[in-house]
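In this note's numbering, the protein residues as written are 55 to 474. Note that beta-carbon positions come from the ideal geometry of N, C-alpha and C, so glycine has one too. Since the structure is predicted, the reported quantities are computational estimates derived from the model, not experimental observations.
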Amino acid sequence: MLNVVQGLTITTNSLSAIKAINAYTEQCLSYGNRAEACILEAIAADPACVLANTFAAAYYLSQENAKDAKLANSYLLQARKNFININERERLHLLATEAWAERKIDQAIAHCEEIVTRYPQDLLAVQQAQYHYFYTGNKSGLTSVAGSVLDANAGNHYLMGMIAFGLEQSNHLAQAERLARFALEINRADPWAQHAVIHVMETQGRYLEGITWMESFADTWESCNSMLYTHNWWHVALSYLAIGEIRHVLSLFDRHIWGKATKRSPKDQVGAISLLLRLELSGIDVGDRWEQVAHYLFERIHEHSLPFQDLHYIYALARTNRMDLAREMLFSMESYAHDAQLCHQKIWREVALPAARGAIAHAICDYKKARKEFKPILTRLQELGGSNTQRQLFEQIFDDAHREVIINNHYRRNYEAIAS
């Protein structure tokens with residue numbers, strides 16, 4: 055058993071495994087593009103290392119697709135073989151990741167919270183807890199889990215970025231921006247702290263400032279994983295869209311958001327779909343770009359990793375006239391909602407399914423049905439997960455459907471008046 059960063063311990067006799075796990079930790083906290091390589095190096099150095107196998111499983115689960123979920127399970131099986139000889143922190147990480155694999159997210163959160171309480175230097179546990187809180191729509195959890203370990207991690211810019219994002223999501227905008235800027239004084243290249251600030255600026259309508267802010271850091275994103283690389287450029291594109299610079303938006307889509315996306319990555323797909331829909335809701339012709347993205351969505355139909363993401367996939371399928379696949383996905387969502395863990399059933403049945411029906415309806419211009427499906431769930435959209443900015447898309451769909459219904463009713467009344 056050897057020491058790792060900040061006094062935490064790991065059960066291994068391999069210095070190479072320790073070095074690789076430390077590198078993996080840094081890659082995760084910095085949203086780097088070498089996380090997978092680093093954790094596989096740790097396993098190669100010590101195939102029996104429980105924490106290395108557990109972290110590999112967590113990495114693959116975070117990719118949110120069925121193929122990588124199978125990989126995650128194989129690493130969990132390997133970790134479980136040596137379960138008896140590990141320490142308490144490693145045991146809790148394994149339990150948290152196993153619960154995640156089984157989609158028992160409430161249990162996964164509880165285990166992460168226990169790690170954070172007992173081992174406050176463990177920032178990967180903080181990050182994983184925030185991940186789960188984010189996708190279950192728990193804004194207060196984002197801030198509380200990160201804020202609880204601030205004293206134990208004084209001056210850590212990664213933690214400041216995590217807290218700043220939670221504060222922004224809870225609408226504590228001034229505090230969020232101040233803390234994120236402080237983090238960037240320590241490390242200019244912290245992409246999550248940069249990301250927290252652009253959220254504040256968007257919320258406050260500071261679009262020109264946001265463009266200047268994010269583009270000034272773009273040189274630091276080349277080492278980011280594709281999720282945050284494309285997502286930070288997505289934020290830049292949103293600001294350009296807000297000020298009507300459509301050519302810039304389309305160029306960013308082609309060069310960065312989809313152009314450099316990992317095409318089979320759910321997160322990258324969601325970002326691309328979201329931007330295309332926002333463009334169309336603004337009256338912009340996006341050309342063949344819908345087809346470019348929809349081509350990669352077939353394997354998403356039966357996965358149901360997250361309801362937030364399913365709504366994007368199903369819209370894109372319907373929007374590209376793949377109605378047979380959109381209906382197949384809707385039926386699959388209904389089946390999943392019936393069989394899901396009890397902690398998920400209510401959200402899927404009462405929020406995700408109406409939103410999915412509304413998304414399909416809007417995509418095929420059945421605005422009356424879209425409005426009918428979305429209206430009762432507008433106050434519950436937070437339960438779908440995602441950020442405040444990301445969820446605004448569903449409100450925009452409802453607003454657009456509502457507007458179209460009013461316009462259609464107006465023309466119908468005028469026609470009936472003329473005809474009579």
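Given this structure, state the Cα-to-Cα distance separating L124 from L131, to the nearest angstrom. To locate residue 124, count along the sequence shown from 1; it is residue 70. To locate residue 131, count along the sequence shown from 1; it is residue 77. According to the sequence as given, residue 124 is Lys; it is not Leu. C-alpha separation (whole angstroms): 11 Å.
Should H392 be labelled buried (16 or more other beta-carbon atoms within 10 Å of its own) or exposed? The residue you call residue 392 lines up with position 338 of the sequence shown. By the 10 Å Cβ count, H392 comes out exposed.
Between the Cα of Y185 and those of T151, A74, F236 and Y261, spot the shortest distance and give me the residue it belongs to. Here residue 185 corresponds to residue number 131 of the sequence shown, with the count starting at 1. Answer by Cα proximity: T151.
Counting C-beta neighbours from all protein chains within 10 Å, is the total for Q258 16 or more, i.e. buried, or is it exposed? Position 204 of the sequence shown, counted from the first residue, corresponds to residue 258. Q258 comes out exposed.
Residue burial classification, G209 (beta-carbon count within 10 angstroms, cutoff 16): Here residue 209 is taken as the residue at index 155 of the sequence shown, counted from 1. With fewer than 16 Cβ atoms within 10 Å of its Cβ, G209 is classed as exposed.
A114, enclosing alpha helix (DSSP H) - first and last residue: Sequence index remark: in the sequence shown, residue 114 carries index 60 (1-based). This sequence places Tyr at residue 114; Ala is not what is there. Unbroken alpha helix (DSSP H) run through Y114: V104 to L115.
N-terminal and C-terminal residue of the alpha helix (DSSP H) that S319 is part of: As a working mapping, residue 319 is identified with position 265 in the sequence shown. No alpha helix (DSSP H) holds S319; DSSP gives it neither H nor E.
Which full runs of the alpha helix (DSSP H) of 4+ residues lie inside the region 239-314, going along the chain? Secondary structure in the region 239-314: the alpha helix (DSSP H) runs of 4 residues or longer, each lying completely within the stretch, are 245-257, 261-269, 280-296 and 300-306 in chain order.
Is I159 helix, strand or coil by DSSP? By 1-based counting over the sequence shown, the position of residue 159 is 105. It is helical.
Rounding to the nearest angstrom, what Cα-Cα distance links K314 and Y283 in this structure? On the sequence shown, residue 314 is found 260 positions in, with the first residue counted as 1. On the sequence shown, residue 283 is found 229 positions in, with the first residue counted as 1. Going from the Cα of K314 to the Cα of Y283 covers about 9 Å.
Option in I327, Q363 and I418 with minimal Cα separation from Q21: Since the first and last residues shown for the chain are 55 and 474, residue 21 lies out of range.
Rounded separation between A89 and L213 - CA only: The sequence position of residue 89 within the sequence shown is 35, counting from 1. The sequence position of residue 213 within the sequence shown is 159, counting from 1. So the alpha carbons of these two residues sit roughly 18 Å apart.
By alpha-carbon positions, which one of C278, A296 and H226 ends up nearest to E263? Translated into the one-based positions of the sequence shown, residue 263 becomes position 209. Out of C278, A296 and H226, A296 has the C-alpha closest to the C-alpha of E263.
Range covered by the alpha helix (DSSP H) that runs through R425: Taking the sequence shown and counting its residues from 1, one reaches residue 425 at position 371. Run containing R425: Y421 to F428, per the alpha helix (DSSP H) assignment.
Reduced DSSP secondary structure (H/G/I, E/B, other) of G86: The residue labelled residue 86 in the question sits at position 32 within the sequence shown. It is a strand residue.
Counting Cβ pairs, one atom from each stretch, are 3 or more of them under 8 Å apart for the region 110-123 and the region 318-325? yes
Would you check if there are 3 or more beta carbon pairs closer than 8 Å linking the region 368-384 to the region 351-359? Yes: at least three Cβ pairs fall under 8 Å.
Just tell me which of R445, E168 and A243 has its CA closest to the CA of E276. Stepping through the sequence shown from its first residue, residue 276 is reached at position 222. Among R445, E168 and A243, the Cα nearest to that of E276 is on A243.
Contacts around I368, its chain only, beta-carbon distance under 8 Å, and the 5 residues preceding and following it disregarded: Translated into positions along the sequence shown, residue 368 becomes position 314. Closer than 8 Å at Cβ, skipping near neighbours: A380, M383, L384, M387, A410, A413 and I414.
Nearest to F219 by CA position, among S198, N207 and T316, is which residue? Position 165 of the sequence shown, counting from 1, holds the residue named residue 219. The candidate whose alpha carbon is nearest that of F219 is S198.
Cβ of V254 within 9 Å of Cβ of L292? Residue mapping note: residue 254 aligns to position 200 of the sequence shown, counting from 1. Residue mapping note: residue 292 aligns to position 238 of the sequence shown, counting from 1. Cβ atoms of V254 and L292: not closer than 9 Å.
Could you check where the alpha helix (DSSP H) with T197 kicks off and where it finishes? If you number the sequence shown from 1, residue 197 lands on position 143. Segment K193 to G201, the alpha helix (DSSP H) holding T197.
I64 in three-state terms, based on DSSP: Indexing the sequence shown from 1 puts residue 64 at position 10. Looking at I64 - three-state DSSP - the assignment turns out to be strand.
Beta-carbon separation (whole angstroms), N279 vs G86, contact threshold 8 Å: Along the sequence shown, one-based indexing puts residue 279 at 225. Along the sequence shown, one-based indexing puts residue 86 at 32. Correct: roughly 6 Å between the Cβ atoms.
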